[in-house]
Amino acid sequence: MEKETEKQLDYELIKRVQNGDMVAYNEIVSKYKNRLMNTIVRMISSEQEAEDIIQETFLRVYQHRDSFDFRHCFSTWLYTIALNLARNELRKRKRFKFFDIFDMQGHESEIAVEMKLPSNLPKILENAIETLPNKYKMAFILRDIQEQPYEEVAKIMNIPLGTVKSRVNRARALLRENLKPRMEESNALSKGTLLPVSLL
Amino acid sequence: MRCRKVRSFLSAYCKGELTEKRTGAISAHLEGCPRCRFEETAYREMNQYIERFPKYSVSEDFNSRLLKKIADERFSETRSRAYLPKKIPVLTFNRLAPLFAAACFIFAFMFSGGLNLMMDKQKSTEVVSTGLNDDYLTTQPGPDHILNQHLAANWVFSEQVARANRIKGLMTRLAGQNSFGSLASSSVNRYYIPSFYRIQQYYPNPETNSNPASSWIREVNNGQ
Chain A
1 MEKETEKQLD YELIKRVQNG DMVAYNEIVS KYKNRLMNTI VRMISSEQEA EDIIQETFLR
61 VYQHRDSFDF RHCFSTWLYT IALNLARNEL RKRKRFKFFD IFDMQGHESE IAVEMKLPSN
121 LPKILENAIE TLPNKYKMAF ILRDIQEQPY EEVAKIMNIP LGTVKSRVNR ARALLRENLK
181 PRMEESNALS KGTLLPVSLL
Chain B
1 MRCRKVRSFL SAYCKGELTE KRTGAISAHL EGCPRCRFEE TAYREMNQYI ERFPKYSVSE
61 DFNSRLLKKI ADERFSETRS RAYLPKKIPV LTFNRLAPLF AAACFIFAFM FSGGLNLMMD
121 KQKSTEVVST GLNDDYLTTQ PGPDHILNQH LAANWVFSEQ VARANRIKGL MTRLAGQNSF
181 GSLASSSVNR YYIPSFYRIQ QYYPNPETNS NPASSWIREV NNGQ
C-alpha cells in the first residue's frame, strides 16, 4: 500500500517535470539522491565517482523526461539508469587500471592488521561485499542493503525473478564463507579460548 | 530435511522469505541440529551488521551543481532550436535520382522539338494566300489519323514546308555535332518521315506535278 502511494507520488512529480516544473524536479532529486548514493558507492567503491554517476543519472532523467513510460515504476527507471552508468564505469576500469602509488605507500601493513581484528567484522563484511562478482554484488546490494522487493530488482536488472533469488542467495553464501574464519575467531576470543593479537 | 538442503535455505529463512511450510520444516530441523543452528546464528549476525552499515550521502553542493548542469542543458536546447536545424537534410542518391530523371526528361523534350511543337500550336494560324492551287485543302480526310489531325488544325502547306525546312536544317547541324544530336535528329526524322510518306500517297507523281507539295517531295527525295 505504501509502495503504491509512493509510486503515485512519483508519477505526479514526473508529470510536473514534463510540464517544466523545476520545483518537482528538485523534489525528485532530494528524494532519491542519497538512496542512489548508497547503492552506487557500494558498487564502484568510490564516493567521488559515485556522485558523478548520480549527477549524470539525474541529468539524463531530465533530458529524457518526455520519454518516461508511465506503465513502469519511476524508481525502477532511475535505478536502471544509475546502475547502467555504474556498470560502464566498472568496465572502463577493467580496461584501464589506475593505481595511486602515494596512497598505497605505508598503509598496507596498517590495513592488514586492521582486517585481522575480529572486532572489525562490519568493515570486513563491507570489504567482502566489494570483492563479490558484479552480478551477485548488484543483486545483493539492491535486495539486502536497499531493501528493494525481488520483483523490482528483477525489473532493474532485467533478469527473471528466479535468477535474482538465486544470485542473492549465492552472494549471501559467499559472504558467509568469507566471514566464517573471522566469526569463529571472534567466538573463540569471547569464550576465552584464544588470546587477542596485541597480547602476543 | 538434510543439513545440506537446510543450509541452502538458511539465509532466506533468516530473512523470513520462505513459505510457511518450508519455514516449519527448517525450524524443526534446527531444533535437533547444533551445526545448522550455528550457521543460522552466523547468518543472523551478518544481517545485523548489514543493517548497521553506514549510509552514504551526497555532498552539500550536489543540488547546486546539478541545477547548473540542467541550466546549461536548457540553454543549449533553446539555442539549438533557435539557430540550428535539428536534422540537416542528407542528400542521398535516392533523393537525387528523381530530380536527375526529371532533368533528363526535360532536356530530351527540349532537344526533340517539343518546345517548338508547343510554340507552334500557340501561334495563330492565319491562312496566307499564295495564289497557288489549294484544291488539296478540300481533300476528303482519309482513314489516316495523323493526316486528319493536320487537316483539322487548318494545316497550311507553305507553313509546314517552311517549318520542316527549319527543322531539317537544325537536325543536320545537330547530327554533325555529337551523338546526342544524331539521336535527336533521327527521332525527328522518324516523326516526319511517316508524314512525308502519307503526303506522297496523295501526290503519287511528284516529278510531273507542279504543286508545292510535289516540289517539296522532289526536294526531299533529291536530298536538298
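As they're listed, the protein sequences go chains A and B. The numbering of the first sequence is the numbering used here, which starts it at 1 and goes up by one. The numbering of the second sequence is the numbering used here, which starts it at 1 and goes up by one. We put the beta carbon where it would ideally sit given N, CA and C, even for glycine.
_Separation of Ala82/A from Ile129/A, as counted between CA atoms_ = Looking at the two C-alpha atoms, the distance is approximately 19 Å.
_Which residues in chain B have a C-beta closer than 7 Å to the C-beta of Met37/A? List them in chain order._
Tyr56, Ser57 and Val58
*asked:* Please tell me whether Ala42/B has its Cβ less than 7 Å away from any Cβ of chain A.
replied: yes
*asked:* Run through chain A and tell me which residues come within less than 7 Å of Ala12/B, C-beta to C-beta.
replied: Those within 7 Å of Ala12/B in chain A are Asn169.
*Where do the N-terminal and C-terminal ends of the alpha helix (DSSP H) with His29/B fall, by residue?*
Glu20 to Glu31
*Whose C-beta lies closer than 7 Å to the C-beta of Leu199/A among residues of the same chain, with five residues either side of it excluded?*
Note on Leu199/A: pLDDT 43, under 50, position unreliable in the model; no value is reported.
*Given a cut-off of 7 Å, decide if Thr57/A and Lys155/A are closer than it, judged by their beta-carbon atoms.*
no
_Contact list for Leu66/B against chain A, beta-carbon separation under 8 Å_ = The answer, in chain order, is Val29, Gln55, Phe58 and Leu59.
*Using the C-alpha atoms, what's the distance from Arg143/A back to Ser45/A?*
18 Å
*Where does Pro181/A fall in DSSP's three states?*
In the structure shown, Pro181/A sits in a helix (DSSP, three-state: H, G or I).
*Which residues mark the beginning and the end of the alpha helix (DSSP H) in which Ser8/B is found?*
Cys3 to Lys15
*Can you give the Cα-Cα distance for Val153/A and Met43/A, rounded to whole angstroms?*
15 Å
*To the nearest whole angstrom, what separates the beta carbons of Lys69/B and Leu59/A, a pair I think is in contact under 8 Å?*
5 Å
_Tell me the rounded alpha-carbon separation between Val58/B and Leu99/B._
59 Å
_Measuring alpha carbon to alpha carbon, tell me which residue in Arg22/B, Arg7/B and Met46/B is nearest Ile124/A._
Met46/B
*Using the C-alpha atoms, what's the distance from Arg93/A back to Lys33/A?*
24 Å
*asked:* Just to make sure I have the definition right: I need the residues of chain B whose C-beta is within less than 7 Å of the C-beta of Met157/A. Which are they?
replied: By Cβ distance, chain B contributes nothing, its closest Cβ being about 18 Å from Met157/A, past 7 Å.
*Given that Ile26/B touches chain D, what residues does it touch there, using C-beta distances under 9 Å?*
Chain labels in this structure do not include chain D; the protein chains are A and B.
*Indicate whether Gln18/A and Arg87/A have their beta-carbon atoms separated by less than 7 Å.*
no
*With a CB to CB cut of under 7 Å and the five nearest residues on each side skipped, what residues in its chain are close to Thr80/A?*
Ile156
*CB Phe68/A to CB Ile28/A, shorter than 7 Å?*
no
*Given a threshold of 16 other Cβ atoms within 10 Å of its Cβ, counted over all protein chains shown, does Asn74/A qualify as buried or as exposed?*
In the sequence as presented, Asn is not what sits at residue 74/A; that position holds Phe. Buried: at least 16 other Cβ atoms inside 10 Å.
*Have a look at Leu85/A and Gln48/A and give me their C-alpha separation to the nearest angstrom.*
14 Å
*Which residues in chain A sit within 7 Å of Phe62/B, going by Cβ to Cβ distance?*
Lys33 and Glu51
*Return no unless some Cβ of chain A is closer than 7 Å to the Cβ of Lys21/B.*
no
*Within 10 angstroms of its Cβ, does Gln148/A collect 16 or more other Cβ (buried), or is it exposed?*
It counts as buried.
*Quick one: using the 10 Å Cβ neighbour count with 16 as the cut-off for buried, is Ala71/B buried or exposed?*
exposed
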